[in-house]
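Engineer:
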Amino acid sequence: MLRALTDPRRLARPWKALRARSCASHGPAGPPEIQVRALAGADHGIAEILMNRPSACNALGNVLVNQLLEALAQLREDQQVRVLLFRSGVKGVFCAGADLKEREQMSEAEVGIFVQRLRGLMNEIAAFPAPTIAAMDGFALGGGLELALACDLRVAGVALAKELIFTGRRLNGAQAQALGLVNHTVLQNEDGNAAYHRARELAQEILPQAPIAVRLGKVAIDRGMEVDIASGMAIEGICYAQNIPTQDRLEGMAAFKEKRPPRFVGK
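Here's what the structure looks like:
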């Protein structure tokens, strides 16, 4: 079951493509290359971004990058989005990295601008307020691996082959998990979407948790990793202080006392 997001500019059921704004020197906006949907019912709170550029194995070109940035900007403002999944609509491929054929047609100045936007995309994914999960049902090469690593959690199929950014060495899902690049590996199914199903299960595990606490926990971890232990503890204290006056914290305490499931509202 699916639901539309609260803002009418956003997602319609079942899938809705977002068109990117035009890019300088590259003509009008290209065809929709991503689709976004929000799940309903027991999965209420899970949003999905589907990369769907089969002609280029989901390579990161101007149109795809623009549409991803637009979708992220819209989704980050929707407080009902509790978990965000990235997946592929192209069987056997997660993302083939930067679109080198398109880059060949760019001037040196345009390449610099595009690389900045690509870097900005990775930053936007990493800074997304809710937990993010990459369902890697296929190759993740170069910038595609960067996109997956920008997510909080990653699930890979055992048959997945990945090209490491610096060495070009390829790993299957089990090897990637052994190196800590992915959180889980699963046996691939005939439909080629086993990682997506495991990613959705992870999202379902996150859904019952207090949404504000989860978001603040992500902030505390991400920012705490960049500083010394004392500063990290101070960041954790600041985040916890923001959680104290929320209805969610009070609801969590009441539910524990009354021995019932909590009913969080994200406030």
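First residue of the sequence shown? That's 668 in my numbering, and the numbers climb one at a time after it.
All C-beta atoms, glycine included, are put in the ideal place defined by N, C-alpha and C.
Note that the structure is predicted; figures quoted are calculated from it, not measured.
1) Using the three-state DSSP reduction, which class does Met-718 fall into: helix, strand or coil?
2) For Ala-817 and Ile-800, what's the separation of their Cα atoms in angstroms?
3) Can the beta-carbon of Pro-723 be found less than 7 Å from the beta-carbon of Met-803?
4) For the pair the segment 848–861 and the segment 872–883, tell me if three or more CB-CB distances fall below 8 Å.
5) Using 10 angstroms around the beta-carbon of Gly-787, count the other beta-carbons present and answer buried if the total reaches 16, otherwise exposed.
6) Taking the continuous beta strand (DSSP E) assigned at Phe-931, which residues delimit it?
7) Here's the rule: buried if 16 or more other CB atoms are within 10 angstroms of the residue's CB, otherwise exposed. What is Asn-790?
8) Are the Cβ atoms of Gly-712 and Arg-743 separated by less than 7 Å?
9) Count Cβ pairs between the segment 755–773 and the segment 714–729 that sit closer than 8 Å; are there 3 or more?
10) Just the C-alpha distance for Lys-924 and His-864, rounded to the nearest angstrom, thanks.
11) Tell me whether Leu-854 sits in a helix, a strand or coil according to DSSP, three-state version.
12) Does the Cβ-Cβ distance between Gly-811 and Phe-761 come in under 7 Å?
13) Measure the C-alpha to C-alpha separation of Ala-870 and Asp-819 and round it to an integer number of angstroms.
14) In whole angstroms, what separates the C-alpha of Ala-667 from that of Ala-823?
15) How far does the beta strand (DSSP E) with Arg-906 in it reach, from first residue to last?
16) Which runs of the alpha helix (DSSP H) at least 4 residues long sit entirely within the segment 724–793? Give them in chain order.
17) So what does DSSP say about Phe-923, is it helix, strand or coil?
18) Ends of the beta strand (DSSP E) at Val-822?
19) What's the C-alpha gap between Ser-692 and Ile-902?
20) Is Cys-906 closer than 7 Å to Val-886 when the C-beta atoms are compared?
21) Can you find the residues in the same chain that come closer than 8 Å, C-beta to C-beta, to Val-778, ignoring five residues on each side of it along the sequence?
22) Identify, in the order they occur along the chain, each residue of the same chain with its Cβ nearer than 6 Å to the Cβ of Gly-756, setting aside the five sequence neighbours on each side.
23) Could you check whether Ala-815 and Ala-807 sit closer than 7 Å to each other, using their CB atoms as the reference points?
24) With a CB to CB cut of under 8 Å and the five nearest residues on each side skipped, what residues in its chain are close to Leu-785?
Structural biologist: The answer reads as follows:
1) As a position in the sequence shown, residue 718 is number 51, starting the count at 1. Strand.
2) As a working note, residue 817 is residue 150 in the sequence shown. As a working note, residue 800 is residue 133 in the sequence shown. Pairing Ala-817 with Ile-800, the inter-Cα distance amounts to about 9 Å.
3) Indexing the sequence shown from 1 puts residue 723 at position 56. Indexing the sequence shown from 1 puts residue 803 at position 136. Note on identity: in this sequence residue 723 is Ala, with Pro being the wrong assignment. Not a contact, by the Cβ cut-off of 7 Å.
4) Three or more beta-carbon pairs separated by less than 8 Å are not found between the segment 848–861 and the segment 872–883, which leaves the two stretches without contact.
5) Residue 787 sits at position 120 when you count from the first residue of the sequence shown. Of the other Cβ atoms in all chains shown, fewer than 16 fall within 10 Å of the Cβ of Gly-787; this residue is therefore exposed.
6) Numbered from 1 along the sequence shown, position 264 holds the residue referred to as residue 931. Careful: Phe-931 lies outside any beta strand (DSSP E) and carries neither H nor E.
7) Working through the sequence shown from its first residue, we reach residue 790 at position 123. Exposure of Asn-790 is indicated by the presence of fewer than 16 other C-beta atoms within 10 angstroms of its C-beta.
8) The sequence position of residue 712 within the sequence shown is 45, counting from 1. The sequence position of residue 743 within the sequence shown is 76, counting from 1. Against a cut-off of 7 Å, the Cβ pair of Arg-743 and Gly-712 comes out as no contact.
9) Touching, per the Cβ criterion.
10) If you number the sequence shown from 1, residue 924 lands on position 257. If you number the sequence shown from 1, residue 864 lands on position 197. His-864 has its alpha-carbon roughly 34 Å from the corresponding atom of Lys-924.
11) Counting from 1 along the sequence shown, the entry for residue 854 is found at position 187. In this structure, DSSP gives Leu-854 a state outside helix and strand, which the three-state scheme calls coil.
12) Here the question's residue 811 lines up with position 144 in the sequence shown. Here the question's residue 761 lines up with position 94 in the sequence shown. Between Gly-811 and Phe-761, the C-beta spacing is below 7 Å.
13) Counting from one through the sequence shown, the residue named residue 870 turns up at place 203. Counting from one through the sequence shown, the residue named residue 819 turns up at place 152. If you take the alpha carbons of Ala-870 and Asp-819, they lie about 11 Å apart.
14) No answer is possible for residue 667: it lies beyond the span of the chain, which begins at 668 and ends at 934.
15) Sequence index remark: in the sequence shown, residue 906 carries index 239 (1-based). Correcting the residue identity first, residue 906 is Cys in this sequence and not Arg. Looking at the DSSP string, Cys-906 is not in any beta strand (DSSP E); the run it does join, the alpha helix (DSSP H), is 896–910.
16) Those alpha helix (DSSP H) runs which fall completely within the segment 724–793 and span 4+ residues are 729–742, 767–771 and 775–793.
17) Position 256 of the sequence shown holds residue 923. Phe-923: helix per DSSP, three-state reduction.
18) Here residue 822 is taken as the residue at index 155 of the sequence shown, counted from 1. Looking at the DSSP string, the run of the beta strand (DSSP E) that includes Val-822 is 820–824.
19) Residue 692 sits at position 25 when you count from the first residue of the sequence shown. Residue 902 sits at position 235 when you count from the first residue of the sequence shown. Caution applies to Ser-692, whose pLDDT of 31 falls short of 50 and renders its modelled position unreliable; the model cannot decide the point.
20) The residue given as residue 886 occupies position 219 in the sequence shown. The residue given as residue 906 occupies position 239 in the sequence shown. The answer is yes: Cβ separation under 7 Å.
21) Taking the sequence shown and counting its residues from 1, the one referred to as residue 778 is at position 111. The answer, listed in chain order, is Arg-770.
22) In the sequence shown, the residue the question calls residue 756 occupies position 89. Within its own chain, the residues whose Cβ lies closer than 6 Å to the Cβ of Gly-756, once the five positions on either side in sequence are excluded, are Leu-717 and Asn-719, listed in chain order.
23) Residue mapping note: residue 807 aligns to position 140 of the sequence shown, counting from 1. Residue mapping note: residue 815 aligns to position 148 of the sequence shown, counting from 1. Contact flag set, yes.
24) On the sequence shown, position 118 is the one that residue 785 refers to. If we look at Leu-785 and ignore the five residues flanking it on each side, its Cβ neighbours are Leu-727, Val-732, Ala-765 and Gly-810.
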